[in-house]
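Beneath this line is the structure, given in structure tokens, with notes to follow.
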Amino acid sequence: MRFHIMTLFPEMIMSGLSESVIGRAQRTGLISVNAVNIRDFSKDKHLHVDDYPYGGGAGMVMQPDPIFDCYQSVTADMTKKPRVIYMTPQGRVFSQEIAKELAMEEELVFLCGHYEGVDERILDEIVTDHLSIGDYVLTGGELPAMVMIDAISRFVPGVLNNKDSAAGDSFHDGLLEYPQYTRPEVFHGQPVPEVLLSGHHANIEKWRRQQSLKRTFERRPDLLLQAADSLSDEDLHYLELLKINACQS
Ligand code: 4GM
148 MRFHIMTLFP EMIMSGLSES VIGRAQRTGL ISVNAVNIRD FSKDKHLHVD
198 DYPYGGGAGM VMQPDPIFDC YQSVTADMTK KPRVIYMTPQ GRVFSQEIAK
248 ELAMEEELVF LCGHYEGVDE RILDEIVTDH LSIGDYVLTG GELPAMVMID
298 AISRFVPGVL NNKDSAAGDS FHDGLLEYPQ YTRPEVFHGQ PVPEVLLSGH
348 HANIEKWRRQ QSLKRTFERR PDLLLQAADS LSDEDLHYLE LLKINACQS
């Protein structure tokens, strides 16, 4: 998977994605990250890439020409038009499902906006997907792009080793992950749940499933509706007990 990021802060992208699992995925060639500086495509003698908004108002607007030339350069050797993602609070909210879908692409281009906006004409011309990482405003699209690249890369085969992929997936079956414990056996007076020390694998699996259901019920009840298809009769029975307990307390 090749990621191309059009940005005014390429070092932020390259350094943010150089560590840990995503850094390793780059070094082993499973993914590549190509952050391109839009400013390199300014034709202005002062390398300006923004200007005052027509109609007046506060702030500056990123001009379409440097972004278009950057896009032409990034896509020059591509055989088909790639999906071009623009990170904006006005977009569809990014999710695990969207990450999985985008992981099927060979190339992805991200356009990071800054200042008070980007000229609408370049968005109309090149952007295929308007996406948001949540209902809040940041100073630029770089952090959202890094968030999406991380989430997408996890679905590229080989990026997670078996240990990473079995664990750490908080959306297994659409439920939240069960709690984990390691040594010491007692920490600040709190023991590890006894069942985990029992060696009884069936009981451990059952306890973990119940913990996942309990957590999801307490913390993200909205997810239970979406997960309804993957719930067994035993799951539903346990949820009934949780519901009854919740009414009594
Ligand atoms: C507004 C319009 C994305 C702000 C375009 C970008 C938050 C998100 C920006 C922009 C952003 C988000 C830059 N802030 N919620 N800031 O995904 O590029």
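Going by this note's numbering, the first residue of the sequence shown is number 148, and it counts up by one from there.
Ideal Cβ positions, reconstructed from N, Cα and C, are used throughout, including at glycine.
Treat the numbers as computed from the prediction; the structure is a model and nothing was measured.
If we count the other Cβ atoms within 10 Å of its Cβ and call it buried at 16 or more, is residue i buried or exposed?
i: Ala255; result: This sequence places Leu at residue 255; Ala is not what is there. So Leu255 ends up on the buried side.
i: Val274; result: buried
i: Tyr283; result: exposed
i: Arg268; result: exposed
i: Asp266; result: buried
i: Met295; result: buried
i: Thr286; result: exposed
i: Ala172; result: buried
Just tell me which of the options has its CA closest to the CA of residue i.
i: Thr329; options: Asp320, Leu323, Leu344, Ile269; result: Leu344
i: Met234; options: Gly305, Asn392, Glu289; result: Glu289
i: Ile214; options: Leu258, Met225, Ile245, Pro229; result: Leu258
i: Glu248; options: Cys217, Lys227, Ala292, Ser300; result: Ser300
i: Asp382; options: Phe318, Arg355, Asp191; result: Arg355
i: Met159; options: Gln357, Gln243, Pro291; result: Pro291
i: Lys390; options: Glu166, Asn308, Leu360, Leu378; result: Leu360
i: Glu272; options: Cys394, His195, Tyr218, Ser279; result: Tyr218
So is the beta-carbon of residue i under 6 Å away from any non-hydrogen atom of ligand 1?
i: Leu255; result: no
i: Ser242; result: no
i: Leu285; result: yes
i: Gly260; result: yes
i: Thr222; result: no
i: Ile214; result: no
i: Thr275; result: no
i: Pro229; result: no
i: Gly288; result: yes
Would you say residue i touches ligand 2, meaning its beta carbon is less than 6 Å from a heavy atom?
i: Leu155; result: Ligands in the displayed structure: ligand 1; ligand 2 is not one of them.
Open item on the list: Does the contact criterion of 3 or more C-beta pairs under 8 Å hold for the segment 173-180 versus the segment 199-212?
Closed with: Counting Cβ pairs under 8 Å, fewer than three are found: no touch.
Open item on the list: Closer than 8 Å is the cut-off here; do at least three beta carbon pairs connect the segment 364-376 with the segment 329-337?
Closed with: Taking 8 Å as the limit for Cβ pairs, the verdict is that the segment 329-337 does not touch the segment 364-376.
Task: Cβ contact (3+ pairs, closer than 8 Å) linking the segment 185-201 and the segment 225-241 - done: Judged by Cβ distances under 8 Å, the segment 185-201 makes no contact with the segment 225-241, as fewer than three pairs qualify.
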